[in-house]
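Asks: Numbering (our numbering), first residue to last: 80 to 465.
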């Protein structure tokens with residue numbers, strides 16, 4: 080279509096500290112910069128409605144009857160009480176398309192509203208909910224078998240939900256192909272952007288010879304952060320005397336890491352310049368997660384001049400050029416060996432640091448221009464009606 084579509088965006092995660100929420104905030108900021116007609120609906124601590132030119136913001140509150148999905152994310156069991164008032168706001172805004180991010184409380188409301196208003200529905204995949212569920216169950220007695228069954232069940236339900244959409248967006252090629260084959264719907268790649276001013280080697284101030292192994296992200300079971308202990312054991316066994324871990328983030332695994340890593344600084348959650356400096360003062364970035372769909376932090380690490388060591392599962396492997404700006408590991412042991420190699424080969428580390436800093440990074444505007452192309456495809460396909 081020739082005119083910019085009126086988009087109503089209803090993500091289940093927005094104010095939280097995670098990559099999905101960051102991406103959602105960046106999409107709203109992009110629409111505001113461009114002066115596009117956009118309604119951002121999200122949960123917050125207080126209810127409010129604000130209009131800033133073409134951008135409208137509606138913040139809702141979850142009820143006291145809510146259950147935790149993640150340490151910083153809840154599901155409101157009474158979410159449908161908001162249906163009437165939300166539908167009125169949407170009718171007043173007159174969206175051409177509704178965009179949701181998951182089968183959460185707000186996502187379900189958005190899907191129902193799209194059907195009732197007769198407008199196309201866009202869904203973007205941000206989190207592997209099925210793998211999150213499996214990872215957390217796997218540590219229970221007889222948990223492995225249960226985890227596999229739950230993972231398959233949750234994946235089937237999430238794919239079914241995404242099949243209700245008219246256009247789908249996914250953060251890596253594997254998920255694009257999975258959704259395309261399982262739903263038969265048009266699927267577009269929705270990567271992530273990077274701010275190369277905020278994440279840049281210029282923030283480095285450390286001058287000592289210590290080899291610093293870094294991690295940034297949530298400290299949750301699905302991130303596989305306990306693999307960092309195996310990395311430390313490998314460093315000690317290899318005779319690497321001067322090393323330490325720099326860990327940024329919070330979560331349930333923080334206490335375990337504090338007790339099981341000999342030399343580690345746990346900074347908690349950092350933002351702004353403190354985060355920029357923490358990245359730049361690392362030597363190598365280790366991301367042991369096997370459940371991430373993308374890995375914004377890997378791009379931030381590369382932009383900060385850090386080689387990244389990642390696993391061969393999920394989206395992170397698409398961000399690393401193996402042997403050039405990092406390593407892709409097939410196991411936790413392989414991950415540890417790669418870190419040891421960088422600690423023992425200063426020339427390899429220096430070469431990879433330079434390659435990481437030079438790696439072309441995609442800006443957020445380019446990412447969201449692609450999202451608007453997906454909106455246009457959905458509107459062309461449906462004629463603006465479901």
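Using N, Cα and C, we set each Cβ at its ideal position, and we do this for glycine too.
1) Measure how close the beta-carbons of residue 168 and residue 313 come, nearest whole angstrom, since I'm counting them as under 8 Å.
2) Measure the C-alpha to C-alpha separation of residue 381 and residue 275 and round it to an integer number of angstroms.
3) Taking only the alpha-carbon atoms, compute the straight-line gap between residue 148 and residue 141 and give it to the nearest angstrom.
4) Can you tell me whether residue 195 is buried or exposed, with buried defined as 16 or more other CB within 10 angstroms of its CB?
5) Should residue 239 be labelled buried (16 or more other beta-carbon atoms within 10 Å of its own) or exposed?
6) Compare the C-alpha of residue 318 against each of 250, 423, 348 and 405 and name the closest.
7) Can you round the beta-carbon distance between residue 385 and residue 364 to whole angstroms, since I take them to be within the 8 Å contact cut?
8) Enumerate in chain order the residues of its own chain whose CB-to-CB distance from residue 281 is below 8 Å, with the five nearest sequence positions on each side excluded.
9) Span of the alpha helix (DSSP H) holding residue 447?
10) For residue 404, count neighbouring C-beta atoms within 10 Å of its own C-beta (all shown protein chains included) and say buried if the count is 16 or more, exposed if not.
11) Can you look up residue 326 in the DSSP assignment and give me helix, strand or coil?
12) Between which two residues does the beta strand (DSSP E) carrying residue 363 extend?
13) Counting Cβ pairs closer than 8 Å, one from the region 392 to 403 and one from the region 333 to 350, do we hit at least three?
14) Are the Cβ atoms of residue 165 and residue 192 separated by less than 8 Å?
15) How about residue 178 and residue 86: are their beta carbons less than 8 Å apart?
16) When DSSP labels each residue in this structure, what does residue 401 get in the three-state scheme?
17) Quick one: Cα of residue 262 to Cα of residue 465, how far?
18) Mapping DSSP to helix, strand and coil, what is residue 93?
19) Comparing alpha-carbon positions, which option in 362, 96 and 170 lies nearest residue 475?
20) Would you report the Cα separation of residue 456 and residue 246, rounded to the nearest angstrom?
21) Closer than 6 Å by C-beta to residue 259: which residues in its own chain qualify, once you throw out the five before and the five after it? Chain order, please.
Replies: Taking the structure as given:
1) Their Cβ separation, rounded to whole angstroms, is 55 Å, which puts residue 168 and residue 313 out of contact at 8 Å.
2) If you draw a straight line from the Cα of residue 381 to the Cα of residue 275, it is about 10 Å long.
3) 13 Å
4) exposed
5) exposed
6) Selected option, being the one with the closest Cα: 423.
7) 4 Å
8) 359
9) Taken as a continuous stretch (DSSP letters only), the alpha helix (DSSP H) holding residue 447 covers 443 to 461.
10) buried
11) strand
12) Under the DSSP assignment, residue 363 falls in the beta strand (DSSP E) whose first and last residues are 363 to 366.
13) no
14) yes
15) In this structure, residue 86 lies closer than 8 Å to residue 178 by Cβ.
16) strand
17) 17 Å
18) coil
19) In the structure as shown, the chain begins at 80 and stops at 465. Residue 475 is therefore absent and cannot be evaluated.
20) 8 Å
21) Sequence-distant Cβ neighbours of residue 259 in its own chain, meaning closer than 6 Å and more than five residues away, are 266.
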